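Numbering (my numbering), first residue to last: 7 to 259.
Each residue gets a CB set at the ideal place from its N, CA and C atoms; glycine is no exception.
Quantities reported herein were computed from a predicted structural model and do not represent experimental measurements.
As structure tokens, the structure follows; a few thoughts come after it.
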């Protein structure tokens, strides 16, 4: 289908299936519809514009693509592939509006969020090995009140780079964060439950009032944290954390 055909179908029904949209200029679409894309592919493409707010993407692939200053607020990506396994390249979101966006069962390995607005973004059952978030905000300001929100549920965040971020009040549950980097991040009041944190780099991270119950904490050193007052852990985690302070815990007779 040529560009005119794509534009005509999207203008009439707002839905495209099994189309090659590589190099398609999404910025020329009207902004009055919520578009749906099923089984489409994009290769080596730069995706921009305001028309994709609230869009739905199902079973689509984005290989070596960049979403640049693209408005993706409230968009849904279901079972989409953002990782080119042959080239070993992920997809980049640069200065994109991802507020309220949802990624379900997607492969975002080696992907990057750079300078994005991502309040209330959610990732569920995603493969995110080596994923990087840099200079990205999960905060929304309402009057004088700042509210942070982001959800990672049952995701593979092994080797992810999430340092120097404000992740306060965010929820990370059932995730593998093995060897991830959360150094110098603000995780105050964050929920990090049922996660694998073995080998995580948490140097200078603030885990005050964070909930780490039932998470594996092998390698975490309390002395390297910026703060941890009020942090909640399970009883079985005490021995390891106290050992990082030089305190040996022996079972009672």
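A check of alpha carbon separations from residue 207 across 214, 125, 230 identifies 230 as the nearest.
Secondary structure in the region 100 to 165: the beta strand (DSSP E) runs of 3 residues or longer, each lying completely within the stretch, are 108 to 110, 118 to 120, 127 to 130, 138 to 140, 145 to 148, 151 to 154, 156 to 159 in chain order.
In this structure, residue 59 sits near residue 79, with a CB-CB distance shorter than 8 Å. In the structure shown, residue 56 adopts coil according to DSSP, grouped into three states. Ranked by Cα distance from residue 77, the options 237, 89, 83, 56 are led by 56.
Shortest Cα-Cα distance from residue 30 to any of 71, 136, 89, 232 involves 71. Residue 173 and residue 191 do touch by the CB rule: their CB atoms are close to 6 Å apart, below 8 Å. Cβ-Cβ separation between residue 137 and residue 117: approximately 5 Å, consistent with a contact (criterion under 8 Å). Bridge partners of residue 23 according to DSSP: 44.
Between residue 196 and residue 165, the gap from beta carbon to beta carbon reaches 8 Å or more. Separation of the CB atoms of residue 171 and residue 139 is rounded to 6 Å, and the pair is thereby assigned contact status at 8 Å.
If the five residues before and after residue 96 are omitted, its C-beta is found closer than 8 Å to the C-beta atoms of 88, 89, 90, 114, 115, 116, 117, 118, 136, 137, all from its own chain and listed in chain order. The beta strand (DSSP E) runs lying completely inside the region 197 to 245 and spanning 3 residues or more are 197 to 199, given in chain order. Exposure of residue 92 is indicated by the presence of fewer than 16 other C-beta atoms within 10 angstroms of its C-beta. For residue 171, no beta strand (DSSP E) run applies, since DSSP gives it neither H nor E. Take the alpha-carbon of residue 104 and the one of residue 159: they are about 17 Å apart.
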